[in-house]
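Everything on this sheet refers to the single structure shown next.
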Amino acid sequence: MTAQANALEIQKLDAFKGVKKVTIEEYFTSGHRTCQGCESALVMKLMVKASGPRTIVLGSTGCMYVANTTYYTTPWVVPWMHTQLGSSGSAALGTAAGLKVLMRKGKMKKEPINVIAFCGDGGGVDMGLSAISATLMHPQYNLLILCYDNESYANTDIQVSGASPWGANTTFSPPGKKYRIMHTRWKKNVAGMLAAGHPGCRYVATVCASYALDMMNKVRKALSIGGPTFIHSFDPCPKGWDYDPMYSHELGELAIEAGIFPLYEVEDMKLKFYGKTKKIVEGRLKRKPVRDYLLRQGRFAHFTDEDTDYFQKKTDEMWEKWILPGVIPLRPEDGA
Ligand SMILES: Cc1ncc(C[n+]2csc(CCOP(=O)(O)OP(=O)(O)O)c2C)c(N)n1
Ligand code: SF4
Ligand SMILES: [Mg+2]
Numbered sequence: 303m304t305a306q307a308n309a310l311e312i313q314k315l316d317a318f319k320g321v322k323k324v325t326i327e328e329y330f331t332s333g334h335r336t337c338q339g340c341e342s343a344l345v346m347k348l349m350v351k352a353s354g355p356r357t358i359v360l361g362s363t364g365c366m367y368v369a370n371t372t373y374y375t376t377p378w379v380v381p382w383m384h385t386q387l388g389s390s391g392s393a394a395l396g397t398a399a400g401l402k403v404l405m406r407k408g409k410m411k412k413e414p415i416n417v418i419a420f421c422g423d424g425g426g427v428d429m430g431l432s433a434i435s436a437t438l439m440h441p442q443y444n445l446l447i448l449c450y451d452n453e454s455y456a457n458t459d460i461q462v463s464g465a466s467p468w469g470a471n472t473t474f475s476p477p478g479k480k481y482r483i484m485h486t487r488w489k490k491n492v493a494g495m496l497a498a499g500h501p502g503c504r505y506v507a508t509v510c511a512s513y514a515l516d517m518m519n520k521v522r523k524a525l526s527i528g529g530p531t532f533i534h535s536f537d538p539c540p541k542g543w544d545y546d547p548m549y550s551h552e553l554g555e556l557a558i559e560a561g562i563f564p565l566y567e568v569e570d571m572k573l574k575f576y577g578k579t580k581k582i583v584e585g586r587l588k589r590k591p592v593r594d595y596l597l598r599q600g601r602f603a604h605f606t607d608e609d610t611d612y613f614q615k616k617t618d619e620m621w622e623k624w625i626l627p628g629v630i631p632l633r634p635e636d637g638a
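Numbering (this note's numbering), first residue to last: 303 to 638.
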């Protein structure tokens, strides 16, 4: 396929230049039953607001499937389909390929249609990672995979995932009298891994809906650039993280300000930090202590000073020792 022919299949979605330019139409509306303060539901709403009406959404099993499809009701205004927990990559690829064939055979009008597949962290960071990787290797298909990361297998009652933070209390890692810290793995670095490992993938970004305009504009860029793309969204979850639902927005901000979840985009292998992360990288903003973020959540209520200090030390390492702060941990051997 020539670049010109491929371009016909891509919607050009320019960035919204300020909140006043954001369209008022909604494509994820009422009719869902996610928890009060659920940031992932906001991510769904902003994601399709950004992509517009000519969009097909596919979603793997998890809260954003189950809570959005109660029998006979759904908040989705655009066409929507469920897919198996580890299949966001394959579903996106299959749909994009199917649309291409139907249009080529004249069975559908030729027009650019956005294909977005979402997955949770269980579905994307863990179970479906291989399918996502395979999909990012096919530049001839235009699609976006958005991983909404609430840092647990939330829908099945908050089990630990590869994206759960060190030390968090989950149903698989409850603190006990003998062992206080039951989850001892550092969060998997999925966006950095996918960006570095797939040279044909033109766009990978991290987002947080606390910065809604940025988040929508990253979705628009991912859909306009051509080929398969990936966005990792950091989503506070009042039920799993155990805090008052009114603080979702604030917790998203705190995670960025403490440097726990850096905001960046990788376009054609060029890295750009943005928002408060950029200010931190440039030394214009001091990182907040991680304890300001951790101690606001019940999942870290068992932490002692020793635990917060360890979390701080590991976060500092991401900033001070990683070759690209918060993105790529590789570094030359000391003295090399
Ligand atoms: C192959 C498979 N294993 C297990 C399940 C049960 N299950 C349904 S939803 C879910 C949790 C998914 O977690 P995540 O992808 O993080 O989405 P969240 O629920 O957090 O929104 C699990 C384990 C399933 N549906 N399919
Ligand atoms: S458990 Fe978390 S992700 Fe699931 S609906 Fe509730 S707030 Fe949203
Ligand atoms: Mg999850």
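All residues carry an ideal CB built from backbone N, CA and C; glycine is no exception.
When burial is assigned at 16 or more other CB atoms within 10 Å of the CB, is P476 buried or exposed?
exposed
Review point. Can you give the Cα-Cα distance for G628 and L596, rounded to whole angstroms?
Key: The straight-line gap from Cα to Cα measures roughly 18 Å.
Inset, instruction - Check whether the Cβ atoms of Y367 and A398 lie closer than 9 Å to each other. - result: no
(message) Output needed for R356: all residues of its chain with C-beta closer than 6 Å, excluding positions within five of it in sequence on either side, in chain order.
(response) I415
field: N-terminal and C-terminal residue of the beta strand (DSSP E) that A470 is part of
entry: From DSSP, A470 is part of no beta strand (DSSP E); its letter is neither H nor E.
Review point. At a cut of 8 Å, does the stretch 336-343 reach the stretch 386-395 through at least three beta carbon pairs?
Key: no
Practice item. Check I558 in the structure and name its three-state DSSP category. Key: helix
* Asked: Is DSSP giving L597 helix, strand or coil here?
  -> coil
Query raised in the report: Among the residues of its own chain, which have a CB less than 8 Å from the CB of A317, if the five just before and after it don't count?
Result: N519, R522, K523
Exercise. Among Y481, R504, P530, which residue has its Cα nearest to the Cα of T606?
Worked result: Y481
TODO: Select from V350, N370, S535, V321 the residue whose C-alpha is nearest the C-alpha of E328.
DONE: V350
Handout entry: Whether I558 touches C503 by CB criterion (9 Å)
Key = no
For T385, count neighbouring Cβ atoms within 10 angstroms of its own Cβ and tell me buried if that reaches 16, exposed if not. buried
Touching by the beta-carbon criterion (3+ pairs, under 8 Å), the stretch 567-587 and the stretch 372-384: no
**Message:** For G494, which residues in the same chain have their Cβ closer than 7 Å to its Cβ, ignoring the five residues on either side in sequence?
**Reply:** V629, I630
**Asked** Do the CB positions of P564 and G554 come within less than 9 Å of each other?
**Response** no
When the Cα of P467 is compared with those of D451, V568, K479, D459, which residue comes out closest?
D451
What three-state label does DSSP hand Y450 in the structure shown?
strand
Open item on the list: Is C337 close to ligand 1? I mean its beta-carbon at under 8 Å from any heavy atom of the ligand.
Closed with: no
* Asked: Leaving out five residues before and five after D544 in sequence, what residues of the same chain have Cβ atoms less than 7 Å from its Cβ?
  -> Q599, G600, R601
Check your understanding: Does the Cβ-Cβ distance between K285 and A560 come in under 9 Å?
Key -> What the structure shows of the chain is the stretch from 303 to 638, and residue 285 is not part of that stretch, so it cannot be assessed.
| said: Starting from G422, trace the beta strand (DSSP E) in both directions and tell me its first and last residue. | reply: Membership of G422 in the beta strand (DSSP E) is indicated by the continuous run 416-422.
- In terms of residue numbering, what span does the beta strand (DSSP E) encompassing R532 cover? A small correction: the amino acid at residue 532 is Phe; Arg does not occupy that position in the sequence shown. Per DSSP, F532 belongs to the beta strand (DSSP E) from 530-536.
* To do: Whole angstroms is fine: what's the gap from L401's alpha carbon to E413's?
  => 10 Å
Legend entry - Extent of the continuous alpha helix (DSSP H) to which F613 belongs: 607-622
| T472 to A507 span [Cα, whole Å] | 27 Å
- Item | Proximity to N488 [Cα-Cα], best of D546, V462, I418 | One point to set straight first is that residue 488 is Trp, not Asn, in the sequence displayed. Ranking the options by Cα distance to W488, first place goes to V462.
Review point. Along the chain, where does the alpha helix (DSSP H) that runs through V350 open and close?
Key: Its alpha helix (DSSP H) spans residues 341-353.
Q. Looking at S342 and ligand 1, is the gap between the Cβ and the nearest heavy atom below 8 Å?
A. yes
inquiry  = Can you tell me whether G426 sits near ligand 2, meaning its C-beta is under 8 Å from at least one heavy atom of the ligand?
reply    = no
Q.
ligand 1 and Y450: does any heavy atom of the ligand fall closer than 8 Å to the residue's C-beta?
A. yes
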